[in-house]
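Per the numbering used here, the very first residue in the sequence shown carries number 5; after that it's consecutive. All C-beta atoms in this analysis are idealised placements derived from N, C-alpha and C, irrespective of residue type, glycine included.
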Amino acid sequence: MESFRQRNARARWTRVIGYLGLAACGALTPLQSAAADTPAHPRLILQITVDALRGDLLDRYAHVLGEGGFRMLLDEGVVFTNVHYAHANTETIVGHASLATGTVPAVHGMVGNVWFDRQAGRLLYNIEDAKYRLLSADADVDQSTEIDPTQKAAKSDGRSPENILSSTFSDELAVRFSGRSKIFGVSVKDRGAVSMAGHAGKAFWFSKKTGDFVTSNYYYDQYPAWVSEWNAKKAVAAYADTAWTLSKPAGDYIFGDADDQDYETDVAGFGVTFPHAYGPADDKYFTTKLTLSPAGDELTLDFALALLDEEQLGMDDVPDYLAVSFSSTDYVGHAFGASSLETEDNLLRLDRVLARLFAAVDKKIGLANTLIVLSADHGQPEVPGHLHKLGLGIGSAAYFDADNLIGPAMDATLKDRFGIGNALIQNYFHPYIYLNEALIALDGLDAEEVSGAIIEVLERQPGVAYAFSSAALMKNRLAPAPTATARMVVNNFNSRRSGDIYVVFAPNIYINDFDGLRVSSAHGSPWRYDTFVPVIFAGHDIQAARIHREVTPYDVAPTLAAYVGAKPPSGAVGAVLDEVLKD
């Protein structure tokens with residue numbers, strides 16, 4: 005397989021030779037002559053999002069990478085090495101929507117994986133939409149989702165992008181080419197697929213309940229025949245009674261002698277050491293175990309390759325768009341940590357998945373005709389136990405008991421100040437505390453004064469770094485926020501969805517209990533380990549470079565728009581990355 009560099013050089017010389025021949029025979033006007041030297045649009049834009057791929061992990065685990073996958077991107081792409089999100093709540097939907105729209109959650113509205121909907125009086129899952137049902141009647145809300153409990157907030161199996169309040173790059177691609185671009189998003193996670201496909205595209209995601217890739221009637225009235233055929237093959241069955249085993253001898257890994265760690269999480273009997281057995285296909289948690297391993301990415305790849313072929317992407321001069329979000333890195337990181345044998349082997353396996361994807365795209369479309377961009381929705385922290393083994397973070401790296409955040413001390417303080425205790429707090433779902441507005445109004449209390457009293461108690465608690473009143477920050481929103489962290493909280497604030505108080509835990513302090521499930525690590529903070537991600541552009545006419553200036557993931561969507569001559573997404577705050585457009 006030719007490298008990107010070889011393909012790009014050949015493509016450039018083909019254009020030059022064609023231009024010289026046409027110019028020599030007088031077939032070009034001056035305007036046409038100038039246009040002849042401009043690269044044509046890519047036939048496919050392939051956007052890859054690796055969930056929880058912290059920005060240092062590719063270099064750290066480079067020794068396990070082969071040829072044709074990550075290494076090809078790193079060697080031949082424009083690699084941005086200093087990329088950070090500028091919003092506070094670094095969760096999956098927040099990052100995916102930010103990549104898709106080029107803006108912060110204050111604008112695109114996806115302030116968290118869930119938020120408290122005051123009108124409905126309940127927690128709302130980010131893309132749930134009762135107006136649209138799943139096409140698969142037996143693939144409704146999956147209550148067996150052990151490692152992703154935010155899904156349990158959903159009261160409807162319906163899914164759509166309508167909660168995303170800004171246009172996405174994929175939407176602007178549809179506008180630019182008058183609806184002729186084919187636009188798709190694929191992921192194990194519904195929110196990973198829906199956000200990237202935008203409002204104009206079509207999305208497919210994995211159902212842990214059925215082992216199929218599903219969609220809703222926002223996108224289709226019925227499944228395309230090829231999707232039904234792919235699901236009928238039951239690709240998950242191939243993993244039954246097998247196991248996730250190491251790809252190489254243990255001695256080839258950094259963590260080859262550190263497989264069994266007491267801080268790792270055994271989810272549903274998947275174990276904490278290799279081999280990790282998937283169990284029989286009729287096990288309640290069989291498909292959950294698949295997503296906790298490289299199998300989740302392999303299934304995503306197989307479906308994406310079928311889509312690429314069956315939907316005939318990249319077969320004409322109108323750019324098509326395929327977004328593939330790989331989720332296993334996130335799930336593996338939650339259960340075992342960033343510094344683990346499981347994460348190391350998972351990245352090796354994902355590297356092979358990408359090599360297969362790029363080879364298939366090259367064969368069908370040509371990598372010289374494909375613009376690739378890879379990034380992540382957020383980073384991830386180190387597990388406190390691992391930091392302790394290194395002599396780091398002892399006493400300052402730990403898990404936080406969420407039950408203590410709003411406890412007796414809070415109740416006593418509020419009763420002393422206002423005559424009413426914790427009833428003044430309607431809901432807490434990290435990172436937001438929501439005040440009981442009706443009770444505050446009924447008793448004639450001042451909401452900002454109540455917030456101030458709550459914040460005083462919060463910031464006295466060990467493990468809490470800051471607590472910010474949304475009202476105070478937004479009252480002064482035209483003035484610069486006092487600190488970088490405060491600015492990130494402002495960037496996360498949407499008046500219709502955000503809570504009244506934003507809680508920031510200290511570095512390396514986080515909640516490890518979600519609906520009773522213990523996890524080894526949890527992202528979601530404004531600290532640099534959670535904001536740090538890679539951004540790499542490759543393929544088409546991209547020239548290799550390594551860029552160290554600080555940029556943001558919000559720059560990706562405006563850069564893609566500029567590349568194809570589209571207008572930026574409606575709320576975009578990111579800048580065009582000149583190094584990508586430089587010929």
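When the distance is taken between beta carbons, is residue j closer than 7 Å to residue i?
i, j, result
"Phe74", "Pro573", "no"
"Ile515", "Ala406", "yes"
"Ser474", "Asp450", "no"
"Ser379", "Val539", "yes"
"Tyr136", "Ser220", "yes"
"Asp306", "Ala239", "yes"
"Arg58", "Gln384", "yes"
"Gly116", "Glu95", "yes"
"Ile131", "Val198", "yes"
"Ile369", "Leu48", "yes"
"Asn431", "Phe120", "yes"
"Val537", "Val87", "yes"
"Leu428", "Val461", "no"
"Gly425", "Lys419", "yes"
"Tyr282", "Tyr243", "yes"
"Leu326", "Ala364", "no"
"His390", "Ser343", "yes"
"Thr2", "Leu50", "Residue 2 lies beyond the range of the chain shown here (5 to 587); nothing can be said about it."
"Glu80", "Asp133", "no"
"Met478", "Ala92", "no"
"Asp55", "Asp334", "yes"
"Arg118", "Pro109", "Note that residue 118 is Val in the sequence shown here, rather than Arg. Cβ atoms of Val118 and Pro109: not closer than 7 Å."
"Pro435", "Tyr506", "yes"
"Ala510", "Ala566", "no"
"Trp248", "Ser297", "yes"
Starting from residue i, trace the alpha helix (DSSP H) in both directions and tell me its first and last residue.
i, result
"Lys368", "345–368"
"Ile459", "451–462"
"Tyr289", "Segment: none, Tyr289 is in no alpha helix (DSSP H) and carries neither H nor E."
"Ser102", "96–105"
"Thr304", "298–314"
"Asp333", "It is Thr, not Asp, that sits at residue 333 in the sequence shown. First-last of the alpha helix (DSSP H) with Thr333: 332–340."
"Ala110", "109–112"
In this structure, how does DSSP classify residue i when only helix, strand and coil are distinguished?
i, result
"Gly215", "coil"
"Glu71", "coil"
"Ile424", "coil"
"Val577", "coil"
"Tyr567", "helix"
"Asn117", "coil"
"Pro253", "coil"
"Ala141", "coil"
"Ile505", "strand"
"Val276", "coil"
"Leu62", "helix"
"Leu32", "A caution first: Leu32 carries a pLDDT of 39, below 50, which makes its placement in the model unreliable, though a value can still be read off. Note: Leu32 maps to coil in three-state DSSP."
"Pro511", "coil"
"Ile258", "coil"
"Thr489", "helix"
"Asp534", "helix"
"Ser164", "coil"
"Val584", "helix"
"His527", "coil"
"Asp407", "helix"
"Thr417", "helix"
"Leu317", "coil"
"Ser439", "One point to set straight first is that residue 439 is Leu, not Ser, in the sequence displayed. Reduced to three states, the DSSP call for Leu439 is strand."
"Pro572", "coil"
"Gly399", "coil"
"Ala445", "helix"
"Asn373", "helix"
"Asp266", "coil"
For chain C, find out if any of its Cβ atoms is closer than 7 Å to the Cβ of residue i; answer yes or no.
i, result
"Leu48", "The question asks about chain C, but that chain is absent: this structure has only one protein chain."
Along the beta strand (DSSP E) that carries residue i, what are the first and last residues, could you check?
i, result
"His88", "82–88"
"Thr648", "The structure shown does not extend to residue 648, since the chain spans only 5 to 587, so no value can be given for it."
"Thr53", "48–54"
"Ala469", "468–473"
"Leu128", "126–129"
"Tyr432", "429–433"
Notebook entry, point to check: Between the segment 305–321 and the segment 243–261, are three or more C-beta pairs nearer than 8 Å?
Noted result: Between the segment 305–321 and the segment 243–261, the count of C-beta pairs closer than 8 Å stays below three; the two stretches do not touch.
Notebook entry, point to check: Which residue spans inside the segment 170–250 form an unbroken alpha helix (DSSP H) run of at least 4?
Noted result: Counting whole runs of 4 or more residues, the segment 170–250 contains the alpha helix (DSSP H) stretches 173–180, 194–201, 229–236.
Next item on the list: Say whether the segment 289–300 touches the segment 267–275, bearing in mind that this needs 3 or more beta-carbon pairs closer than 8 Å, one atom from each stretch.
Entry: Because the criterion of three Cβ pairs below 8 Å is met, the segment 289–300 and the segment 267–275 touch.
Check: Are three or more beta carbon pairs between the segment 383–399 and the segment 547–555 nearer than 8 Å?
Finding: With a cut-off of 8 Å, the segment 547–555 and the segment 383–399 do not count as touching, because too few Cβ pairs lie within range.
Notebook entry, point to check: Three or more C-beta pairs closer than 8 Å, one from the segment 346–354 and one from the segment 53–69: is that the case here?
Noted result: Using a C-beta cut-off of 8 Å, the segment 346–354 makes contact with the segment 53–69, since at least three inter-stretch Cβ pairs fall below that distance.
Margin query: So, does the segment 181–189 touch the segment 318–338, judging by three or more C-beta pairs under 8 Å?
Written below: The segment 181–189 makes contact with the segment 318–338, as at least three CB pairs between them are under 8 Å.
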